[in-house]
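Each residue of the sequence shown is one higher than the last, beginning at 2 in our numbering. Here's the structure we're looking at; comments come further down.
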Amino acid sequence: MSDASQGLRLYNTLTRTKEDFVPIDPLNVRMYVCGPTVYDFAHIGNARPVIVFDVLFRLLRHLYGQTHVTYVRNITDVDDKINARALRDFGGEIASGTLSLNEAIRRVTEKTADQFHSDVAVLGCLAPTVEPRATEFVEPRADGKVDMITLIQSLIERGHAYVAAGEVLFDTASMPDYGQLSKRNLDEQQAGARVAVDAHKKNPGDFVLWKLSSPEEPGWNSPWGRGRPGWHIECSAMSAAYLGEVFDIHGGGLDLIFPHHENEIAQSRCAHGTEMMANIWMHNGFLQVEGQKMSKSLGNFYSINELLETETFGGRKWPGEVLRLAMLMTHYREPIDFSVRKLEEAENTLRKWKRGADLAPTAAGQVPVEIIDALSDDLATYAAFQVLTQLAGEAMDGNDAAASLKASLLFLGFDVASAKVDEGHVGKAIAKRLAFIAAKNWAEADRIRDDLLAQGIQLKDGKDPVTGERITTWEVKR
Numbered sequence: 002m003s004d005a006s007q008g009l010r011l012y013n014t015l016t017r018t019k020e021d022f023v024p025i026d027p028l029n030v031r032m033y034v035c036g037p038t039v040y041d042f043a044h045i046g047n048a049r050p051v052i053v054f055d056v057l058f059r060l061l062r063h064l065y066g067q068t069h070v071t072y073v074r075n076i077t078d079v080d081d082k083i084n085a086r087a088l089r090d091f092g093g094e095i096a097s098g099t100l101s102l103n104e105a106i107r108r109v110t111e112k113t114a115d116q117f118h119s120d121v122a123v124l125g126c127l128a129p130t131v132e133p134r135a136t137e138f139v140e141p142r143a144d145g146k147v148d149m150i151t152l153i154q155s156l157i158e159r160g161h162a163y164v165a166a167g168e169v170l171f172d173t174a175s176m177p178d179y180g181q182l183s184k185r186n187l188d189e190q191q192a193g194a195r196v197a198v199d200a201h202k203k204n205p206g207d208f209v210l211w212k213l214s215s216p217e218e219p220g221w222n223s224p225w226g227r228g229r230p231g232w233h234i235e236c237s238a239m240s241a242a243y244l245g246e247v248f249d250i251h252g253g254g255l256d257l258i259f260p261h262h263e264n265e266i267a268q269s270r271c272a273h274g275t276e277m278m279a280n281i282w283m284h285n286g287f288l289q290v291e292g293q294k295m296s297k298s299l300g301n302f303y304s305i306n307e308l309l310e311t312e313t314f315g316g317r318k319w320p321g322e323v324l325r326l327a328m329l330m331t332h333y334r335e336p337i338d339f340s341v342r343k344l345e346e347a348e349n350t351l352r353k354w355k356r357g358a359d360l361a362p363t364a365a366g367q368v369p370v371e372i373i374d375a376l377s378d379d380l381a382t383y384a385a386f387q388v389l390t391q392l393a394g395e396a397m398d399g400n401d402a403a404a405s406l407k408a409s410l411l412f413l414g415f416d417v418a419s420a421k422v423d424e425g426h427v428g429k430a431i432a433k434r435l436a437f438i439a440a441k442n443w444a445e446a447d448r449i450r451d452d453l454l455a456q457g458i459q460l461k462d463g464k465d466p467v468t469g470e471r472i473t474t475w476e477v478k479r
């Protein structure tokens with residue numbers, strides 16, 4: 002256990018309250034987070050839960066020990082678009098038996114999955130303990146781990162699922178307390194109320210566990226015919242396979258509460274006969290871009306890789322640690338407005354912290370208990386960052402504050418390499434400022450001067466002794 006002066010408290014979406022976290026087994030703290038669908042490159046909204054739950058993973062390892070935390074984040078590669086592309090690109094090999102469906106899907110998704118791993122590593126995120134792929138858990142496994150087909154069979158045998166019109170459907174009426182997570186009861190789920198109504202369904206809210214595939218569609222053999230699983234069943238299978246029937250924490254984005262997480266709970270509880278699936282349910286808030294909902298039609302849809310590698314947002318590339326800090330400056334449960342201004346603020350803040358950490362001796366110090374206490378209060382990152390700013394202000398050559406600051410940045414997933422000044426960036430800013438001065442636009446000239454000062458760059462105006470022209474020099478101020 003760590004040196005935290007208070008226990009970990011987390012907001013539980015299931016109860017709508019902040020609760021003391023009491024692990025089922027302190028020697029094996031277990032967390033599951035819904036991962037990406039690797040049909041396309043992950044967008045910046047996908048990055049938020051990865052970063053948020055990376056911080057929680059780091060905190061849990063600090064509190065309970067690195068070897069005592071199991072973090073499972075899945076890869077969804079069971080998807081109709083992915084399946085169709087696999088059939089299109091490798092249909093002949095699949096038909097001849099030279100390539101299995103799973104192998105074809107892996108080839109289709111290999112590039113996007115690899116890019117996701119590369120991108121989130123640049124964002125400072127640790128790899129999860131286990132990262133299962135959905136395609137590996139459709140059929141019964143040689144190692145006996147829970148799979149989707151066996152889980153669906155259990156639901157049918159227990160009276161919670163039925164076969165109709167070539168589909169296996171979950172019977173929501175068979176679960177009296179269905180809807181606890183989203184606070185939606187069955188009476189509210191009437192025909193036409195955001196739920197597709199099909200004649201073969203017993204209830205409007207019944208959802209698909211298995212659907213048949215036509216001869217032209219990819220599929221797996223099952224007791225109900227050749228087909229493919231519904232979306233929700235995959236996470237019930239993979240979480241149980243690695244974390245057990247009941248585990249500690251389940252996380253994901255706010256958009257997954259209904260129907261995905263609600264239906265995960267229904268499947269898992271009814272298949273295993275348990276009162277809970279996970280004890281704590283955590284959800285990060287929505288993300289907007291420059292005050293608008295992110296969408297391709299608005300032209301504000303950005304992949305993580307685009308922000309890292311191209312100049313499409315704010316006319317420049319953004320370092321991964323700047324994106325990370327910008328995400329964490331807003332409390333994880335609150336909506337976030339992802340903007341150029343926020344990224345600039347994050348970059349300036351990070352630069353100040355790094356200047357303080359630069360003064361630390363080679364070895365980092367200890368993470369202050371104040372940082373751990375802040376994070377232990379439902380991941381209050383803003384309060385933790387206030388401590389970092391205070392440490393940066395107190396940092397002097399080789400002192401304890403500098404060493405603690407360095408340790409804290411490492412703990413939070415930030416690079417502690419020396420904060421080098423981008424001389425090209427400074428030069429361009431000075432040139433813009435001189436142009437504003439020539440145009441007598443003093444407000445913009447002062448703004449650039451103040452922005453540079455916030456970055457630790459102090460400007461000095463003077464005259465060239467030979468030409469008499471106005472010149473500006475600069476120096477780094479700690």
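The beta-carbon is built from N, C-alpha and C at its ideal position, and this holds for glycine as well.
If you count every other CB in all the chains shown that lies within 10 Å of the CB of residue i, and 16 or more means buried, which is it?
i, result
"His426", "exposed"
"Pro466", "exposed"
"Trp232", "buried"
"Glu371", "buried"
"Pro224", "exposed"
"His201", "exposed"
"Thr313", "exposed"
"Phe84", "Position check: residue 84 holds Asn in this sequence, whereas Phe was assumed. With 16 or more other Cβ atoms within 10 Å, it is buried."
"Trp354", "buried"
"Ala404", "buried"
"Tyr65", "buried"
"Lys407", "buried"
"Asn264", "buried"
"Pro219", "buried"
"Tyr303", "buried"
"Glu470", "exposed"
"Ala192", "Only weak support is given to the placement of Ala192: the predicted model assigns it a pLDDT of 39, under 50, and the value that follows is read from those uncertain coordinates. By the 10 Å Cβ count, Ala192 comes out exposed."
"Lys433", "exposed"
Residue j and residue i - do their beta-carbons sit closer together than 8 Å?
i, j, result
"Cys236", "Asn75", "yes"
"Leu360", "Asp401", "no"
"Leu389", "Ser409", "yes"
"Met295", "Gly46", "yes"
"Tyr33", "Ser240", "yes"
"Phe287", "Leu255", "yes"
"Val139", "Ile150", "yes"
"Gln289", "Phe339", "yes"
"Leu460", "Thr473", "yes"
"Ala279", "Val147", "no"
"Leu257", "Arg31", "no"
"Ala162", "Ile153", "yes"
"Phe386", "Gly125", "no"
"Glu310", "Asn301", "no"
"Ile438", "Ala446", "yes"
"Glu168", "Val209", "yes"
"Tyr383", "Met330", "yes"
Contact defined as beta carbons within less than 8 Å: I believe residue i pairs with residue j. What is the distance between those atoms, to the nearest angstrom?
i, j, result
"Thr71", "Pro37", "No, Thr71 and Pro37 are not in contact; Cβ-Cβ is about 20 Å, not under 8 Å."
"Ala364", "Val417", "Between Val417 and Ala364 the Cβ distance is about 12 Å, and since that is not below 8 Å, they are no contact."
"Arg49", "Phe412", "Not really, about 20 Å apart at Cβ, beyond 8 Å."
"His44", "Ile305", "7 Å"
"Val79", "Asn285", "Not quite, the Cβ-Cβ distance comes to about 24 Å (not below 8 Å), so this is no contact."
"Val121", "Val56", "Not confirmed; about 13 Å, so no contact."
"Val109", "Asp90", "6 Å"
"His63", "Ile373", "7 Å"
"Ala105", "Ala128", "In fact, because the Cβ distance is near 26 Å, the residues do not count as touching under 8 Å."
"Gln116", "Phe42", "6 Å"
Among all the DSSP beta bridges, which residues are the ones paired with residue i?
i, result
"Trp221", "Gly228"
"Gly254", "Asn285"
"Phe171", "Ala162 and Phe208"
"Val240", "Reading off the sequence shown, one finds Ser at residue 240, where the question assumed Val. Partner(s): none; Ser240 has no beta bridge."
"Ala279", "Phe248"
"Phe339", "Val290"
"Ala134", "As written in the sequence, residue 134 is Arg, which differs from the Ala given in the question. Arg134 pairs with Ile76."
"Lys19", "Tyr12"
"Met32", "Tyr72 and Ile250"
"Ile472", "Gly463"
"Ser304", "His44"
"Phe117", "For Phe117, which the question treats as bridged, DSSP gives no partner whatsoever."
"Thr38", "Thr77"
"Leu351", "Answer is none; Leu351 lacks a bridge partner."
Is any heavy atom of the ligand FMN found at a distance shorter than 7 Å from the C-beta of residue i?
i, result
"Ala393", "Looking at this structure, you won't find the ligand FMN or any other ligand, since it has none at all."
Counting only C-beta atoms, is residue i closer than 8 Å to chain C at any point?
i, result
"Glu310", "Of the protein chains in the structure, only one exists, and it is not chain C."
query = Any contact of the stretch 372-382 with the stretch 7-14, i.e. 3+ C-beta pairs under 8 Å?
reply = By the criterion of at least three beta-carbon pairs nearer than 8 Å, the stretch 372-382 is in contact with the stretch 7-14.
ask   = Given 8 Å as the limit, is there contact between the stretch 310-326 and the stretch 259-276, that is, 3 or more CB pairs closer than that?
value = As far as the Cβ criterion goes, the stretch 310-326 does not touch the stretch 259-276, which means the pair count is below three.
At least 3 beta-carbon pairs within less than 8 Å: the stretch 84-101 vs the stretch 251-270 = With a cut-off of 8 Å, the stretch 251-270 and the stretch 84-101 do not count as touching, because too few Cβ pairs lie within range.
task = Indicate whether the contact test is met: 3 or more Cβ pairs, each with one atom in the stretch 241-254 and one in the stretch 17-25, closer than 8 Å.
result = Taking 8 Å as the limit for Cβ pairs, the verdict is that the stretch 17-25 does touch the stretch 241-254.
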